[in-house]
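Reading through the structure tokens given below for one structure.
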Amino acid sequence: MSDILDGLDPEQRAAVLAPRGPVCVLAGAGTGKTRTITRRIAHLTSSGQVNPGQVLAVTFTARAAGEMRGRLRSLGVGGAGSVQAQTFHAAALRQLRYFWPQVFGELRWELLDNKFQVVSRAANRVGLSTSKESVRDLAGEIEWAKASLIGPSGYAEHVAEIGRETPQPADNVAQVFALYERLKVGENGDRLFDFDDLLIYTTEILRTERAVAEEFRERYRCFVVDEYQDVTPVQQGLLDEWLGARDDLTVVGDANQTIYSFTGATPSYLLDFTRRFPDATLVRLERDYRSTPQVVGLANRVIGQARGRIAGTRLRLLGQRPAGPEPVFAEYPDGPAEAAAVATRVAALIEQGVAASEIAILYRINAQSENHEQALTEAGIPYQVRGGESFYTRTEVRQAMRGLTEAARRDDLPADADVVTLTRAVLVPLGLSDEEPAGAQARARWESLRALAALVDDMASANPELTLRNVVAELNSRAESRHPPTVQGVTLSSLHAAKGLEWDAVFLVGLTDGSLPISQAIDAGFDAIEEERRLFYVGVTRAREHLQVSWGLARNEGGRPRRRSRFLTDDVVPDGSPASRIAEPGPVRRGPSCRICGTRLVGSAAALLGRCERCPADLDEDLLAELKQWRAEVADAKKVPGFTVLSDKTLTAIAE
Ligand code: ATP
Ligand code: MG
Numbered sequence: 001m002s003d004i005l006d007g008l009d010p011e012q013r014a015a016v017l018a019p020r021g022p023v024c025v026l027a028g029a030g031t032g033k034t035r036t037i038t039r040r041i042a043h044l045t046s047s048g049q050v051n052p053g054q055v056l057a058v059t060f061t062a063r064a065a066g067e068m069r070g071r072l073r074s075l076g077v078g079g080a081g082s083v084q085a086q087t088f089h090a091a092a093l094r095q096l097r098y099f100w101p102q103v104f105g106e107l108r109w110e111l112l113d114n115k116f117q118v119v120s121r122a123a124n125r126v127g128l129s130t131s132k133e134s135v136r137d138l139a140g141e142i143e144w145a146k147a148s149l150i151g152p153s154g155y156a157e158h159v160a161e162i163g164r165e166t167p168q169p170a171d172n173v174a175q176v177f178a179l180y181e182r183l184k185v186g187e188n189g190d191r192l193f194d195f196d197d198l199l200i201y202t203t204e205i206l207r208t209e210r211a212v213a214e215e216f217r218e219r220y221r222c223f224v225v226d227e228y229q230d231v232t233p234v235q236q237g238l239l240d241e242w243l244g245a246r247d248d249l250t251v252v253g254d255a256n257q258t259i260y261s262f263t264g265a266t267p268s269y270l271l272d273f274t275r276r277f278p279d280a281t282l283v284r285l286e287r288d289y290r291s292t293p294q295v296v297g298l299a300n301r302v303i304g305q306a307r308g309r310i311a312g313t314r315l316r317l318l319g320q321r322p323a324g325p326e327p328v329f330a331e332y333p334d335g336p337a338e339a340a341a342v343a344t345r346v347a348a349l350i351e352q353g354v355a356a357s358e359i360a361i362l363y364r365i366n367a368q369s370e371n372h373e374q375a376l377t378e379a380g381i382p383y384q385v386r387g388g389e390s391f392y393t394r395t396e397v398r399q400a401m402r403g404l405t406e407a408a409r410r411d412d413l414p415a416d417a418d419v420v421t422l423t424r425a426v427l428v429p430l431g432l433s434d435e436e437p438a439g440a441q442a443r444a445r446w447e448s449l450r451a452l453a454a455l456v457d458d459m460a461s462a463n464p465e466l467t468l469r470n471v472v473a474e475l476n477s478r479a480e481s482r483h484p485p486t487v488q489g490v491t492l493s494s495l496h497a498a499k500g501l502e503w504d505a506v507f508l509v510g511l512t513d514g515s516l517p518i519s520q521a522i523d524a525g526f527d528a529i530e531e532e533r534r535l536f537y538v539g540v541t542r543a544r545e546h547l548q549v550s551w552g553l554a555r556n557e558g559g560r561p562r563r564r565s566r567f568l569t570d571d572v573v574p575d576g577s578p579a580s581r582i583a584e585p586g587p588v589r590r591g592p593s594c595r596i597c598g599t600r601l602v603g604s605a606a607a608l609l610g611r612c613e614r615c616p617a618d619l620d621e622d623l624l625a626e627l628k629q630w631r632a633e634v635a636d637a638k639k640v641p642g643f644t645v646l647s648d649k650t651l652t653a654i655a656e
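Sequential numbering from 1 applies to the sequence shown in full-length UniProt numbering.
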């Protein structure tokens with residue numbers, strides 16, 4: 001018990017100890033919301049108020065769910081058959097699988113693995129463009145409608161009512177939407193489900209099938225939701241069915257971190273919680289335990305500029321940690337120069353002893369990762385790309401998943417063959433090999449397949465009885481929450497995928513008008529721009545200690561000029577302050593590679609021990625000398641005198 005309450009402040013304790021029933025924690029970033037709910041679950045279960053198996057905790061990403069399970073385990077209340085911590089989709093998938101036969105008998109359903117194909121067929125029949133962009137926009141619009149609980153028939157009227165800008169005339173979207181839904185139903189009634197269908201059907205079954213609802217509500221009695229500001233109406237609908245007449249619900253959230261409005265998410269449920277549950281225990285937290293006062297100061301300045309309804313809920317964060325370095329603002333001639341300089345700074349931090357896994361580079365859109373992947377590769381710094389729009393939507397990964405799904409269905413597989421071998425048999429024809437291939441595209445493909453193989457290896461070693469079907473189910477559920485397998489390296493992530501996470505050092509890159517705020521938001525107007533500002537706030541508040549905000553004045557060398565982001569006002573960036581000085585990008589040179597396994601040598605461990613960090617072969621004298629010289633050069637690169645951020649006026653002059 002004392003363990004569970006250790007390291008909690010009085011407000012956090014109040015939330016942890018609140019009696020069963022509705023609890024709402026409204027608080028800013030880094031104030032310990034996630035810590036508080038895990039402790040609350042631990043407290044409720046270890047004090048015997050509720051059985052661990054009766055708790056269902058939902059979060060929005062698989063990684064967050066995994067982290068919560070980890071934290072619960074370390075509090076001694078995790079483990080198999082215990083508290084369920086899952087994403088909404090994973091929870092729904094599990095429930096649907098369980099209840100479906102009971103309700104629909106022989107009728108079958110399957111997860112739709114290529115939604116764009118079906119949308120494209122529908123668009124084609126309606127006579128609309130089937131270009132990639134058009135199909136993606138239509139699919140996004142259908143997703144929004146479904147998450148907002150709007151069907152094809154009510155769509156046109158609804159968007160007219162709220163004045164929503166639609167990717168195609170509303171009647172056409174409605175037609176595509178209706179056709180898309182029909183195309184997912186086979187002649188014999190079998191169905192394909194997209195991710196929203198998982199939520200919609202589960203909700204529907206619980207709403208209409210009394211026996212099912214009773215069984216479910218008997219099983220789960222206590223619900224916890226993290227990041228509640230980003231719940232969608234369809235998710236809230238499911239949550240309501242889970243609850244039934246009960247009110248044992250703990251929610252935590254920060255309206256100022258609402259960053260998924262475009263998918264239909266809304267902070268209204270968070271902000272209206274105490275109206276819905278007048279007896280709720282309401283707790284506000286304002287001490288920030290994550291970041292230095294310098295980072296907290298910047299976060300307050302950024303969100304202080306916010307306007308509109310959500311801004312009214314603003315809480316000022318009070319930094320609790322010891323002082324740290326000032327945030328750095330840095331401007332570069334173009335994107336590649338920015339990426340090279342960031343890589344140099346990353347190398348310097350690693351030299352100083354910051355673990356690579358404690359460093360993140362965050363950007364607005366996934367395509368921005370390219371420059372940084374290149375620069376980090378050249379600097380020999382290991383990295384992982386998160387926020388897997390990149391990973392599970394990659395062609396080779398989709399092909400692999402299709403291959404695995406097919407293999408899992410076959411019943412003529414060699415008996416005795418293990419999952420790892422069967423997986424390899426699917427991946428090798430797609431390009432998996434022991435040798436790293438040449439060429440960026442081939443390498444990217446190979447990397448994805450290798451990551452997939454490594455993931456299956458891990459799953460197999462955790463579960464000796466793993467079947468190919470389990471693998472397919474697990475991959476589908478990960479694909480749903482869009483997360484790539486993790487390795488220990490610098491994290492590259494979109495700002496959206498960084499929600500809820502923290503690192504010692506954070507680089508927010510590409511802070512130009514058009515990237516953050518993104519140009520579509522500038523076109524869409526006030527609400528969209530405010531959401532971009534919140535995204536900036538989410539980015540700033542991921543940093544524990546080191547924070548650098550940077551931008552390039554063109555996309556590429558000699559490219560069209562860009563201005564620094566409108567969010568970097570003189571209030572946010574004190575012009576000419578020492579904070580705005582940074583080392584000029586030094587030329588990034590590759591470090592030497594191990595002669596045995598080919599791994600690029602980076603860290604001080606290799607230099608000190610004279611061994612490769614990976615394989616671990618002894619380094620010969622020449623290689624060791626080369627490594628030491630390279631490390632000295634990297635160290636020199638950061639000593640080049642800094643330059644100052646230009647004022648808005650100068651920037652405008654350059655842009656014109
Ligand atoms: P976000 O809004 O970004 O999701 P959060 O409110 O969920 O943030 P947590 O991730 O729970 O915040 O906590 C932020 C950091 O502060 C974590 O490293 C956590 O361990 C630490 N922390 C939380 N509460 C305390 C406390 N009372 N004392 C010391 N450290 C704390
Ligand atoms: Mg959190």
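We put the beta carbon where it would ideally sit given N, CA and C, even for glycine.
For residue i, I'd like the list of residues in its chain whose CB is within less than 8 Å of its CB, leaving aside the five on either flank, ordered along the chain.
{"i": "V176", "result": "V119, A122, A123, V126, L128, L138, I142, Q168"}
{"i": "D171", "result": "A156"}
{"i": "I365", "result": "S494, S515, I518"}
{"i": "A407", "result": "L413, L422, A425, V426, L468"}
{"i": "R534", "result": "N256, Q257, T258, I259, I303, A306, I310"}
{"i": "L44", "result": "R20, V50, V55, C222"}
Taking residue i as the reference, which of the options has the closest Cα?
{"i": "T36", "options": "S46, G21, A14", "result": "A14"}
{"i": "E11", "options": "Y180, R284, F193, I359", "result": "R284"}
{"i": "E187", "options": "L362, M401, W109, P616", "result": "W109"}
{"i": "R544", "options": "E358, F329, V173, A554", "result": "E358"}
{"i": "T34", "options": "T61, G500, L198", "result": "G500"}
{"i": "L112", "options": "E67, S148, L183, E133", "result": "L183"}
{"i": "V471", "options": "V506, T405, V385, R563", "result": "T405"}
{"i": "A65", "options": "F88, G76, S433, N371", "result": "F88"}
{"i": "C615", "options": "A340, I596, T130", "result": "I596"}
{"i": "A85", "options": "P267, T61, L96", "result": "T61"}
{"i": "G552", "options": "D334, N51, L8", "result": "D334"}
{"i": "Q399", "options": "F195, L432, I150", "result": "L432"}
{"i": "A147", "options": "D197, S74, M401", "result": "D197"}
{"i": "P382", "options": "G610, L511, V490", "result": "V490"}
{"i": "R562", "options": "E286, G598, E331, Y201", "result": "E331"}
{"i": "A18", "options": "T250, G525, S565", "result": "T250"}
Under 6 Å from any heavy atom of ligand 1, does the C-beta of residue i make it?
{"i": "T31", "result": "yes"}
{"i": "D9", "result": "yes"}
{"i": "T258", "result": "no"}
{"i": "Y228", "result": "no"}
{"i": "D254", "result": "yes"}
{"i": "R321", "result": "no"}
{"i": "Y269", "result": "no"}
Hey, is residue i close to ligand 2, as in C-beta under 6 Å from one of its heavy atoms?
{"i": "residue 660", "result": "The question about residue 660 has no answer here: the residues shown for the chain are numbered 1 through 656."}
{"i": "G500", "result": "yes"}
{"i": "T87", "result": "no"}
{"i": "T34", "result": "yes"}
Would you verify that the beta carbon of residue i is, or is not, closer than 7 Å to some beta carbon of chain C?
{"i": "P414", "result": "No chain C appears in the structure shown, which is made up of a single protein chain."}
Grab me the residues of residue i's own chain with a C-beta within less than 7 Å of its C-beta, minus the 5 sequence neighbours each way, in chain order.
{"i": "S448", "result": "F391, R394, E396, V397"}
{"i": "F536", "result": "V302, L516, F567"}
{"i": "D248", "result": "R20, G21, R221, C222, F223"}
{"i": "E67", "result": "none"}
{"i": "S82", "result": "P52, G53"}
{"i": "Q229", "result": "G253, D254, A255, Q257, T258, P267, L270"}
{"i": "N476", "result": "L111"}
With a threshold of 6 Å on Cβ separation, who are the neighbours of residue i within its own chain once the five nearest residues in sequence on each side are excluded?
{"i": "V296", "result": "D288, L317, G319"}
{"i": "Q368", "result": "G510"}
{"i": "Q520", "result": "none"}
#### Entry: Cβ contact check for the region 245–261 and the region 296–311: 3 or more pairs under 8 Å
yes
### Query
Using 8 Å as the threshold, is the region 220–237 in touch with the region 50–62, meaning 3 or more CB pairs across them?
yes
### Task
Counting only runs of 3+ residues fully inside the region 67–129, write out the beta strand (DSSP E) ranges in chain order.
84–87, 109–111
### Task
Would you be able to state if there are at least three C-beta pairs under 8 Å between the region 236–253 and the region 189–209?
Touching, per the Cβ criterion.
### Message
Just to confirm the assignment: which complete alpha helix (DSSP H) runs, minimum length 4, are found wholly within the region 135–170?
### Response
Annotation: the region 135–170 contains the following complete segments of the alpha helix (DSSP H) (minimum length 4 residues), in chain order: 152–162.
### Ordered list of beta strand (DSSP E) runs contained in the region 202–248, each at least 3 residues
222–225
### Query
Considering only residues of the region 476–539, which uninterrupted alpha helix (DSSP H) runs meet the minimum length of 4 residues and lie entirely inside it, listed in chain order?
519–524
### Query
Residue ranges of each beta strand (DSSP E) run of no fewer than 3 residues wholly in the region 21–68, ordered along the chain?
23–27, 55–59
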